[in-house]
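As C-alpha cells, the structure follows; a few thoughts come after it.
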Amino acid sequence: MTDVVVVESPAKAKTINKYLGDGFTVLASFGHVRDLPPKDGSVRPDENFAMDWEADERGNRQIAAIAKALKGAKRLYLATDPDREGEAISWHVRAMLEERNLLRGVDVQRVTFNEITKGAIKTAMGRPRELDMPLIEAYLARRALDYLVGFTLSPVLWRKLPGSRSAGRVQSVALRLICEREAEIEIFKPREYWSILAQMTTPAGAPFNARLTHLDGKKLDQFDLNNQDKAFAARTAVEAGQFSVTSVERRKVKRNPPAPFTTSTLQQEASRKLGMGAQATMRAAQQLYEGIELGGETTGLITYMRTDGVQMAREAIDAIREHIGEQFGRDYLPGLAREYSTKAKNAQEAHEAVRPTDVNRAPEEIGRYLSDEQRRLYELIWKRAVASQMQSAELDQVIVEIAEPTAKAKLRATGSIIAFDGFLKLYTEGRDDDAKPGSEEEDSRMLPPMREQDTLKRGTVSADQHFTQPPPRFSEASLVKKMEEIGIGRPSTYASILSVLRDRDYVRMENKRFVPEDRGRLVTAFLTSFFERYVDPHFTAGLEEQLDDISDGRADWRDVMAKFWGAFSHAVAQTKDLKISDVIDALDADLSPHFFPVNADGSDPRLCKACGTGRLGLKLGRYGSFIGCSNYPNCQFTRRLVIDSKDGEGGETLKDGMRALGTHPATGEDVTVKRGPWGLYVQQGEPDPNDKKAKPKRTTLPKGFEGDTVTLEQAVGLLSLPRLVGMHPEMGEPIEAGIGRFGPYVKMGAIFASLDKDDDILLVGMNRAMDVLGKKLASVRALGEHPKDKEAVLVRKGRFGPYVQHGQMVANLPRERTMEDFTLEDALPLLAEKGKMLKPKGKKGAKAKPVRKAAAKVTAKPDTVEAAEKPAAKRAAAAKPAAKAEAKTKASAKPAAKKKPSAKIAASATAPVAKKRA
Numbered sequence: 001m002t003d004v005v006v007v008e009s010p011a012k013a014k015t016i017n018k019y020l021g022d023g024f025t026v027l028a029s030f031g032h033v034r035d036l037p038p039k040d041g042s043v044r045p046d047e048n049f050a051m052d053w054e055a056d057e058r059g060n061r062q063i064a065a066i067a068k069a070l071k072g073a074k075r076l077y078l079a080t081d082p083d084r085e086g087e088a089i090s091w092h093v094r095a096m097l098e099e100r101n102l103l104r105g106v107d108v109q110r111v112t113f114n115e116i117t118k119g120a121i122k123t124a125m126g127r128p129r130e131l132d133m134p135l136i137e138a139y140l141a142r143r144a145l146d147y148l149v150g151f152t153l154s155p156v157l158w159r160k161l162p163g164s165r166s167a168g169r170v171q172s173v174a175l176r177l178i179c180e181r182e183a184e185i186e187i188f189k190p191r192e193y194w195s196i197l198a199q200m201t202t203p204a205g206a207p208f209n210a211r212l213t214h215l216d217g218k219k220l221d222q223f224d225l226n227n228q229d230k231a232f233a234a235r236t237a238v239e240a241g242q243f244s245v246t247s248v249e250r251r252k253v254k255r256n257p258p259a260p261f262t263t264s265t266l267q268q269e270a271s272r273k274l275g276m277g278a279q280a281t282m283r284a285a286q287q288l289y290e291g292i293e294l295g296g297e298t299t300g301l302i303t304y305m306r307t308d309g310v311q312m313a314r315e316a317i318d319a320i321r322e323h324i325g326e327q328f329g330r331d332y333l334p335g336l337a338r339e340y341s342t343k344a345k346n347a348q349e350a351h352e353a354v355r356p357t358d359v360n361r362a363p364e365e366i367g368r369y370l371s372d373e374q375r376r377l378y379e380l381i382w383k384r385a386v387a388s389q390m391q392s393a394e395l396d397q398v399i400v401e402i403a404e405p406t407a408k409a410k411l412r413a414t415g416s417i418i419a420f421d422g423f424l425k426l427y428t429e430g431r432d433d434d435a436k437p438g439s440e441e442e443d444s445r446m447l448p449p450m451r452e453q454d455t456l457k458r459g460t461v462s463a464d465q466h467f468t469q470p471p472p473r474f475s476e477a478s479l480v481k482k483m484e485e486i487g488i489g490r491p492s493t494y495a496s497i498l499s500v501l502r503d504r505d506y507v508r509m510e511n512k513r514f515v516p517e518d519r520g521r522l523v524t525a526f527l528t529s530f531f532e533r534y535v536d537p538h539f540t541a542g543l544e545e546q547l548d549d550i551s552d553g554r555a556d557w558r559d560v561m562a563k564f565w566g567a568f569s570h571a572v573a574q575t576k577d578l579k580i581s582d583v584i585d586a587l588d589a590d591l592s593p594h595f596f597p598v599n600a601d602g603s604d605p606r607l608c609k610a611c612g613t614g615r616l617g618l619k620l621g622r623y624g625s626f627i628g629c630s631n632y633p634n635c636q637f638t639r640r641l642v643i644d645s646k647d648g649e650g651g652e653t654l655k656d657g658m659r660a661l662g663t664h665p666a667t668g669e670d671v672t673v674k675r676g677p678w679g680l681y682v683q684q685g686e687p688d689p690n691d692k693k694a695k696p697k698r699t700t701l702p703k704g705f706e707g708d709t710v711t712l713e714q715a716v717g718l719l720s721l722p723r724l725v726g727m728h729p730e731m732g733e734p735i736e737a738g739i740g741r742f743g744p745y746v747k748m749g750a751i752f753a754s755l756d757k758d759d760d761i762l763l764v765g766m767n768r769a770m771d772v773l774g775k776k777l778a779s780v781r782a783l784g785e786h787p788k789d790k791e792a793v794l795v796r797k798g799r800f801g802p803y804v805q806h807g808q809m810v811a812n813l814p815r816e817r818t819m820e821d822f823t824l825e826d827a828l829p830l831l832a833e834k835g836k837m838l839k840p841k842g843k844k845g846a847k848a849k850p851v852r853k854a855a856a857k858v859t860a861k862p863d864t865v866e867a868a869e870k871p872a873a874k875r876a877a878a879a880k881p882a883a884k885a886e887a888k889t890k891a892s893a894k895p896a897a898k899k900k901p902s903a904k905i906a907a908s909a910t911a912p913v914a915k916k917r918a
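Residues in the sequence shown are numbered consecutively from 1, following UniProt numbering.
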C-alpha cells in the first residue's frame, strides 16, 4: 500500500519517485486537467459567476491513472508548482476525484517545494498543509475575468471591425503599449544639435579629450548649438584659446551588485546578453528546474523560475557566502549578508528568487551535461546569484575642469577607474535596451594624472553634428520591464502574452523589436475609442491589485467580479447600436498620421491619385479594412493595408492559399506553406523543370501548427525531421523524433511510439520521449537482427498472448515462455518451424474475394496469430459448407446483376445456408 503524490510533469514525477522511494507512487497531471470550455456560457454572471469545467481526453486519462493508484492508499499529496496556477491544478485534481467519490477515507494534503532536490522534497513532505483557498479564489477570479473579457469583447470586434482576431484583458493593454510607442516614433521630429570636442595633452605628454560646456560665460544646453554656423563659431573660439586646468575633483563611488533574478529580470537579461526570447528562456529554465542526470540521479539545478521575489533562503545565502570566501577571498565578501526587496508594483514575493540549488555546481563543471541554451542560462543564473552576495565595486571618478584665462570658454573631461572590482570580477549587468549610447563610454574612460594650474596643449578641435533619436521600439526585454513597472501581468504570463500578440498577427518582430501590424493598430484604435477604460494600463494594474487582495484574503472574489462585470457589460451594451460609419470615423481620425503621412512636397496625402478629386479614407469590408476613394463607385481605387499583404511573421500571402515564409538559412531556398489534397504542408525549394525526378523537400504540418501562423523557424525545424532527441542512458541507442504516416512519433531502433496531440514535435525532449517509449517497450521488445536480411526480430504482446515477428512472419510463443526471457536464439528456430505469414489487409485494385467466417480474424489485426493456432485440416473442413453456400448464392445472384457481391455480403450470405444444411 503506497501513498500517492501528484506533480505537474512526468520528468518531475520520475525524479521525485526516486527521492521518496517505494512507499510512494508519483504521477503527473501534465499541467491542467480541466479548463473552461471555449464556448459562450461557461461563466455565468447571473448565477453568481458559476463556472462549467470540462476535462479533455488527456485530463480524463490522467485522473483515471490517479484514481487507479489511489485504490487502497491512505494519503494523497498534491505537489504541483508553488504558484497560483499550481494551487489551481491541485484544486482541480481534488475536485474531479471528489466528483467520482474516489476520496473516501483518503487524507488529501498539499505540499510545495521551491527546488527539486532530495533535501527540499523530504522537507516539503514533512510539512503538508491544506489547499490555499484565497489563492484558488484569486485564480477563479482571474480566469473568469479573462474569459468574460475575451468572449464578450471579441464578438464585438468581429462584428464592428472585420478582419480582427480577438481581444484579451492584459494582451490588449500590452498591444496598446506597442502601438502607442510606434505612434510616438511616427510623429517624432528630430532636432539638430552639435558638440565640440577638443584633443588636449598634459605637460607629461599624455593625450585626452575634453568637451565644451560653457561659451561666452554661459553654460551650454543641448540645443544651444543647433546649426552649423553656431557650431563652427564655437569651434573657432576654442581654437583661439590657451587652456589650463582650473580644478580636479576626485571622488569614490560604490556600485552595488544587482539582486538575484526574478522571472522578468531573467527574461530581460537573457534577451540582452544571450539573445533568447521569453519563451525560449522559460523553456530552458523549466528544464533546469526539473533537473538533469548527474551521477546517475536526476537533480534540479535551479529553484522555481516563476517568481517575483528577490530574496533567497538563509541556507542558500550562507552557502554562497562560503563559496565567495573560498573562491575569491575575504576581500570580496561583505561583512553582512545582503537582503533584497523588489521595487516591482504588485509584487507578491511569495517565493525565492531564481538561484542555483547548489552553488558548488559551477557552470564549467556541469556544462558538459547541458545543451547550449541550458548551459548559457544556467551560467547567467549562477553568476547573478553569487554576485548578489559579493562586495560592492569601488570606482574612482575624476572630473577635470579646463578654461582659458578669460573663462569665456570652458571644457570638461570626465573619466573613472576601477579601484576595486568587487562583484564586477564575476558579473556585469547587461546594458538596458533603451539606454542612450555614448555616455557610459565617456564616464568609463581613464584620464591621465593632472593637477590644478597645469598648462595644457591643445590639438585638433572637432564640431560633430547630432540629431535626437525617437524612443526605441519595445524589445521583449523592455516590454516585460514596462509591464512589470506598470503592474500588469504576472511572472507566469509574460511569455504567453508576447506569444499571443505574434500568433494573432497583431505585431511582428524586426531586429528583435516589436512592430505593430495594421491589424493590431486597428484593434487598439477601436478599443481605445470605445472601451478606453478596459485597455487603460492603470485600470488593468488596479484590477491586478484587487486580485492580489483576493489571494491575501482581503477581498471576496465574487464582489470584485460583480463590480467589474456591471460596468463592463454596460459598456459592451452601448456598442450594440454603434454604426459602422462611427467606427470608421473614429479609426480614420486616430490612425490618420499612420495611413496618410505628410508628403515631403506639402501636397494633400489624402488626395486620390486615380481620379484626382476624391478623398482617400479608411473603409471596412467583409474581409477587413482597406483604403478607398470617396468617389466610389465612379472611382474604384483601393489600397490594401499591410495586414492584407502580410500574413504572419515575415510571410507574404500568395495566391491559391500559399504563403511564403522566407529563405532557408542553410540553402537559401524559398520555404513556403502550401495546401495539398491531404492538407497543409511546408516545402523547401521548388520543382526543377529540367529534372522531373527531383522533388523538393516537403513535410506535413502536424496538429498544433496552423498554416497562417507557422513561422520560418518552425518550418525549417519540421523540414529537418527526423531529429536526434538524445541517446538512451541505459541502452545507448539514439532516440529520434519525426512525423510519420500516423502523425508525430519518437523512435529507438525498430521501436516506434506515437506522441500525443499536445506534444510539440520540435520541442519534445528526452524525458517525454523516454516516457512514451517506456510504455511502448512494455508491449514490444527488439531481440536483434535476423541473420538472413538484417531486419529486426521483435517480440510483441498480442491479444492472445506474446508472439515473435520478423517482417510479415509471426509465431506464437510457447505457453511456458514469457516476453522478458525470450531471446533471438529462441526466436529464429520458432519462426522457421511455426512461423506464419500475415495476410495483407488488401491491395489496391485487387478483386474482392469471399471471406470464410472461420478465417475472418486472420486479417483483422496484423499483430495477432489466432488463425495460426488452428490445425490446417480443421480450417479446410470448416470451409467446405461455406464455400458451397457461396457458390449457390453467386449462381442465384447472376440474373439480377453482373457485379460480384462484396466480401461483406458474401460472408453474411453463407451463414443461414450453412445453418440449414447442419
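Here a beta-carbon is modelled for each residue, glycine too, at the ideal position from N, C-alpha and C.
CB contact flag (residue i, residue j, <8 Å)
{"i": "Ile89", "j": "Thr80", "result": "yes"}
{"i": "Ala141", "j": "Trp557", "result": "yes"}
{"i": "Leu333", "j": "Gln391", "result": "yes"}
{"i": "Ala177", "j": "Phe539", "result": "Sequence inspection shows Leu at residue 177; the Ala mentioned does not correspond to that position. Not closer than 8 Å, so no."}
{"i": "Leu220", "j": "Ala237", "result": "no"}
{"i": "Ile751", "j": "Val780", "result": "yes"}
{"i": "Leu336", "j": "Ala387", "result": "no"}
{"i": "Pro179", "j": "Gly459", "result": "This sequence places Cys at residue 179; Pro is not what is there. Result no, Cβ atoms of Cys179 and Gly459 do not sit closer than 8 Å."}
{"i": "Val245", "j": "Ile302", "result": "no"}
{"i": "residue 963", "j": "Leu498", "result": "Because the chain in this structure spans residues 1 to 918, residue 963 falls outside the shown range and cannot be described."}
Span separating the alpha-carbon of residue i from that of residue j
{"i": "Val523", "j": "Gln109", "result": "46 Å"}
{"i": "His664", "j": "Leu591", "result": "36 Å"}
{"i": "Thr709", "j": "Val682", "result": "12 Å"}
{"i": "Glu98", "j": "Gln62", "result": "15 Å"}
{"i": "Leu654", "j": "Arg100", "result": "Because the pLDDT at Leu654 is just 35, under 50, the model does not fix this residue reliably, and the value given afterwards should be weighed accordingly. Spanning the two alpha carbons is a distance of roughly 52 Å."}
{"i": "Thr667", "j": "Gly685", "result": "9 Å"}
{"i": "Val6", "j": "Ala362", "result": "31 Å"}
{"i": "Leu76", "j": "Gln574", "result": "50 Å"}
{"i": "Ile324", "j": "Phe423", "result": "10 Å"}
{"i": "Gly119", "j": "Leu288", "result": "17 Å"}
{"i": "Ala73", "j": "Phe514", "result": "52 Å"}
{"i": "His570", "j": "Ser195", "result": "57 Å"}
{"i": "Phe261", "j": "Gly309", "result": "8 Å"}
{"i": "Arg796", "j": "Pro744", "result": "22 Å"}
{"i": "Ser341", "j": "Ala259", "result": "8 Å"}
{"i": "residue 954", "j": "Arg84", "result": "An answer regarding residue 954 cannot be provided, because it is not within the stretch 1 to 918 covered by the chain."}
{"i": "Asp132", "j": "Glu532", "result": "35 Å"}
{"i": "Gly740", "j": "Leu719", "result": "13 Å"}
Contact with chain C by residue i, beta-carbon distance below 8 Å
{"i": "Ala231", "result": "Reference to chain C is not applicable here, since this structure consists of a single protein chain."}
Paired residues, beta bridge with residue i - DSSP
{"i": "Gln311", "result": "Partner(s): none; Gln311 has no beta bridge."}
{"i": "Pro744", "result": "Ile739"}
{"i": "Ile402", "result": "Val245 and Leu411"}
{"i": "Thr663", "result": "Asp670"}
{"i": "Met509", "result": "Phe514"}
{"i": "Gln684", "result": "Val671 and Lys697"}
Distance between beta carbons of residue j and residue i, contact taken as under 8 Å
{"i": "Ser29", "j": "Val93", "result": "6 Å"}
{"i": "Phe420", "j": "Ala393", "result": "6 Å"}
{"i": "Arg412", "j": "Ala210", "result": "6 Å"}
**Report entry** beta strand (DSSP E) segments (min. 3 residues) lying fully within the stretch 191-216
**Finding:** 192-201 and 207-215
Query raised in the report: Enumerated in chain order, which unbroken segments of the alpha helix (DSSP H) with a length of 4 residues or greater are wholly contained in the UniProt domain "Toprim" (2-116)?
Result: 10-20, 57-70 and 84-99
Query - Every unbroken alpha helix (DSSP H) inside the stretch 460-488 [4 residues or more] - result: 476-486
Query raised in the report: Curious, which full-length alpha helix (DSSP H) runs of at least 4 residues does the stretch 696-780 contain?
Result: You should have 712-719 and 766-777.
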